[in-house]
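S.K.:
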Amino acid sequence: MSLPVLSPLFGWLVGDVKARTILVHGRDQPVGDGFLQAGFFHALRCRFPKSHITFAVSKGGSPYDGSLRAVMAPFIDEVLSDQGFCMEPRQLSPLASRPLGGRQFDLVIDLEKKFWRSLAVKRVRHRIFISASRHFLFSDRWPRQWKNPAHLSDQYMLLLDAIGMPKHLDLPAPDFHDSKCDDFARRLLPDGKVYVGLAPGAGDRGKCWPLDRYYALSRLLLSRNVQPVYLLGPQEKDWVQLVADAVPDALIPAWKDGRMLPEFTCPLQTVALGHRLAAAVTNDCGIAHMLAAAQTPLVTLFGYTNAIKYAPLTPHLKTITAQDYGSKSVSAIPLDAVVAALDDLHVPGIS
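Take the working numbering: the final residue in the sequence shown is number 354, and no numbers are missing along the way.
This is the structure in structure tokens:
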């Protein structure tokens, strides 16, 4: 049996991969995914310190080419946005033009799992293709373990296991700390109070715990002499006045006079606020992953989404799921369960 035939079966045994050029593909990359995927790109660079690493997104842009560019620059050489080469099944046709104008890469890693999208990505000219789609059916190399890890970040790492390359360097992890953002966060949330963040929004409002329960939690916190801090993104603009009217003593630091402060166009500012918070309560949303980057103690609420797969990566985490209450709707989670979880974090000044 020839080496090319053995390679998919025992890819991790056939030696180092020589890859001067690497393409990583993602269908899209919301800002929360940018935080979740940072560890993968760090690990990739540790394995290929001299390679030219390109990240291509089929739909929309990437925070790696915007608000997180400086953080991720040591790990990614090139970001290509809105490439659109796995959006329709017809792109599988051999008559369709090849993605990226026919550019060729030594190694292509696909983060997409839907089989036809992965096959469309495989049309990129390559020497080695890595994909977890259909249990690595289309991949040139397979991982040593077949059990799919529970958390999404570990699923990304399984792709690296399939390549089989050891670390060549032990590089510092991505640093989401920014001193200017820290100074601004300190002015917004000065010393002297205990702050608890509340992130009631999400890109999909079907993930949102009812706003009136956040109000009730705010009032309870105020009764304990704890200051609630609402973290509202641009999609929650219509909630800013609602929150201000319902809980006048709450802080909404990202907003002033109905407008979002320009500093908060960068998610690093939210990370900086996270360093000022004793804890936070969030939905399954991008802000949860920003606060996790600050290692803020979190209570995160899940409805129909998978809490094990999408949990924020912080060591101080309590997750509550609607399934615990016989439902897929996050509204099934009662207020007292959230209060109890917040107390279970044992954060000084809260419980």
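All C-beta atoms in this analysis are idealised placements derived from N, C-alpha and C, irrespective of residue type, glycine included.
(1) Measure the alpha-carbon distance for P270 versus Y233 and round it to whole angstroms.
(2) Does DSSP put P2 in a helix, in a strand, or in coil?
(3) Could you check if M4 is buried or exposed, using at least 16 other CB atoms within 10 Å of its CB as the buried criterion?
(4) Can you tell me the Cα-Cα spacing of L12 and A165, whole angstroms?
(5) For the beta strand (DSSP E) containing H171, list its first residue and its last residue.
(6) Enumerate in chain order the residues of its own chain whose CB-to-CB distance from G105 is below 7 Å, with the five nearest sequence positions on each side excluded.
(7) From which residue to which residue does the beta strand (DSSP E) around R128 run?
(8) Should H292 and L83 be called a contact, given that it needs their Cβ atoms to be closer than 8 Å?
(9) Assuming T299 and A310 make a contact with CB atoms under 8 Å, what is their CB distance in whole Å?
(10) Are the segment 254–264 and the segment 211–223 in contact at 8 Å, needing three or more beta carbon pairs?
(11) Determine which residues share a DSSP beta bridge with T324 and list them.
(12) Let me check understanding here. Comparing Cα to Cα, which of R130, R137 and F58 lies closest to W119?
(13) Does the CB of P337 have a neighbour CB from chain D at under 8 Å?
(14) Looking at the unbroken alpha helix (DSSP H) that takes in V74, where does it start and where does it end?
(15) Report the three-state DSSP secondary structure of G200 (helix, strand or coil).
(16) Is DSSP giving P102 helix, strand or coil here?
(17) Indicate the three-state DSSP secondary structure (helix, strand or coil) for L254 in the structure shown.
(18) Work out the CA separation of F43 and Y159 for me, nearest whole Å.
(19) Report buried or exposed for T268, applying the criterion of at least 16 other Cβ atoms within 10 angstroms of its Cβ.
(20) Between which two residues does the beta strand (DSSP E) carrying I25 extend?
(21) Leaving out five residues on either side along the sequence, give the residues of the same chain with a beta carbon under 6 Å from the beta carbon of A41.
(22) Would a C-beta distance cut-off of 8 Å place Y313 and L155 closer than the cut-off?
(23) What residues in its chain sit with their C-beta under 8 Å from that of V342, if we drop five residues either side in the sequence?
(24) So, do the segment 180–191 and the segment 269–285 have three or more beta carbon pairs nearer to each other than 8 Å?
(25) Identify which residue in R23, T324 and T303 has its Cα closest to the Cα of P315.
(26) For the alpha helix (DSSP H) holding A249, just list the boundary residues, first then last.
(27) Looking at the strands, I want to know which residues DSSP matches up with E81.
(28) Taking L224 as part of the alpha helix (DSSP H), name the residues at either end of that continuous run.
(29) Looking only at C-alpha atoms, which of W145, Y217, Q230 and E266 sits nearest to W242?
(30) Quick check: L174 and H45, are their CB atoms within less than 8 Å of each other?
(31) In or out: N286 buried (at least 16 other Cβ within 10 Å) or exposed?
(32) Out of G37, E239 and A59, which one is the CA nearest neighbour of G204?
(33) For L294, which beta-bridge partners are listed by DSSP?
(34) Taking G200 as the reference, which of G261, P97, P231 and S332 has the closest Cα?
(35) Decide if L192 is buried, meaning its Cβ has at least 16 other Cβ atoms within 10 Å, or exposed.
(36) Pull up the distance between the alpha-carbon of G167 and that of A282, whole angstroms please.
M.R.: Reading off the structure:
(1) One-based indexing of the sequence shown puts residue 270 at position 267. One-based indexing of the sequence shown puts residue 233 at position 230. About 15 Å.
(2) The structure shown does not extend to residue 2, since the chain is modelled only from 4 to 354, so the question has no answer here.
(3) Walking along the sequence shown from the start, residue 4 turns up at place 1. In this prediction, M4 scores a pLDDT of 31, lower than 50, which makes its location untrustworthy; no coordinate-derived value is stated.
(4) Counting from one through the sequence shown, the residue named residue 12 turns up at place 9. Counting from one through the sequence shown, the residue named residue 165 turns up at place 162. Its pLDDT being 49, under 50, L12 is placed unreliably by the model, and nothing is read from it.
(5) Position 168 of the sequence shown, counted from the first residue, corresponds to residue 171. Counting along the chain, H171 falls outside any beta strand (DSSP E), and DSSP gives it neither H nor E.
(6) In the sequence shown, counting from the first residue as 1, residue 105 sits at position 102. Once the five neighbours on either side are set aside, the close Cβ partners of G105 are R128.
(7) Numbered from its first residue, the sequence shown carries residue 128 at position 125. That run of the beta strand (DSSP E) goes R128 to S134.
(8) Residue 292 sits at position 289 when you count from the first residue of the sequence shown. Residue 83 sits at position 80 when you count from the first residue of the sequence shown. It is not a contact, given that the beta carbons lie outside the stated cut-off.
(9) Here residue 299 refers to the residue found at position 296 when the sequence shown is read from its first residue. Here residue 310 refers to the residue found at position 307 when the sequence shown is read from its first residue. 18 Å between Cβ atoms; not a contact.
(10) no
(11) The residue you call residue 324 lines up with position 321 of the sequence shown. Per DSSP, F305.
(12) The residue you call residue 119 lines up with position 116 of the sequence shown. Looking at the Cα atoms, R137 is the closest of the given residues.
(13) Reference to chain D is not applicable here, since this structure consists of a single protein chain.
(14) Along the sequence shown, read from residue 1 onward, the residue named residue 74 stands at position 71. Taken as a continuous stretch (DSSP letters only), the alpha helix (DSSP H) holding V74 covers R72 to M75.
(15) Within the sequence shown, the letter at position 197 stands for residue 200. G200 falls in the strand class under three-state DSSP.
(16) As a first step, residue 102 must be located in the sequence shown, where it is residue number 99. Helix at P102.
(17) Within the sequence shown, numbered from 1, the residue matching residue 254 stands at position 251. Strand, per DSSP.
(18) Position 156 of the sequence shown, counting from 1, holds the residue named residue 159. Position 40 of the sequence shown, counting from 1, holds the residue named residue 43. So the two alpha carbons sit approximately 6 Å from each other.
(19) Working through the sequence shown from its first residue, we reach residue 268 at position 265. The residue is exposed, with fewer than 16 neighbouring Cβ atoms inside 10 Å.
(20) Against the sequence shown, residue 25 aligns to sequence position 22. I25 -> beta strand (DSSP E) spans T24 to G29.
(21) Looking up residue 41 in the sequence shown gives position 38. Here the set comprises P177.
(22) Working through the sequence shown from its first residue, we reach residue 313 at position 310. Working through the sequence shown from its first residue, we reach residue 155 at position 152. Taking 8 Å as the Cβ cut-off, Y313 and L155 qualify as a contacting pair.
(23) By 1-based counting over the sequence shown, the position of residue 342 is 339. Closer than 8 Å at the Cβ level, and outside the excluded window around V342, lie L220 and L223.
(24) yes
(25) Walking along the sequence shown from the start, residue 315 turns up at place 312. Among R23, T324 and T303, the Cα nearest to that of P315 is on T303.
(26) By one-based count along the sequence shown, residue 249 stands at place 246. Taken as a continuous stretch (DSSP letters only), the alpha helix (DSSP H) holding A249 covers V243 to A249.
(27) Counting from 1 along the sequence shown, the entry for residue 81 is found at position 78. Beta-bridge pairing links E81 to T57.
(28) Position 221 of the sequence shown holds residue 224. It spans L214 to S226 - the alpha helix (DSSP H) in which L224 sits, taken as one unbroken run.
(29) Mapped onto the sequence shown, residue 242 falls at position 239. Closest by alpha carbon: Y217.
(30) Along the sequence shown, read from residue 1 onward, the residue named residue 174 stands at position 171. Along the sequence shown, read from residue 1 onward, the residue named residue 45 stands at position 42. Yes, the pair counts as a contact, with Cβ atoms nearer than the cut-off.
(31) On the sequence shown, residue 286 is found 283 positions in, with the first residue counted as 1. The residue in question, N286, is buried, as its Cβ has 16 or more Cβ neighbours within 10 Å.
(32) In the sequence shown, the residue the question calls residue 204 occupies position 201. Nearest C-alpha to G204: E239.
(33) For the purposes of this step, residue 294 is identified with residue 291 of the sequence shown, where counting begins at 1. Bridge partners of L294: none, in fact.
(34) For the purposes of this step, residue 200 is taken as the residue at position 197 of the sequence shown. Comparing Cα positions, the closest option is P231.
(35) Here residue 192 refers to the residue found at position 189 when the sequence shown is read from its first residue. Per the 10 Å Cβ criterion, buried.
(36) In the sequence shown, the residue the question calls residue 167 occupies position 164. In the sequence shown, the residue the question calls residue 282 occupies position 279. Rounded to whole angstroms, G167 to A282 spans 39 Å at the Cα level.
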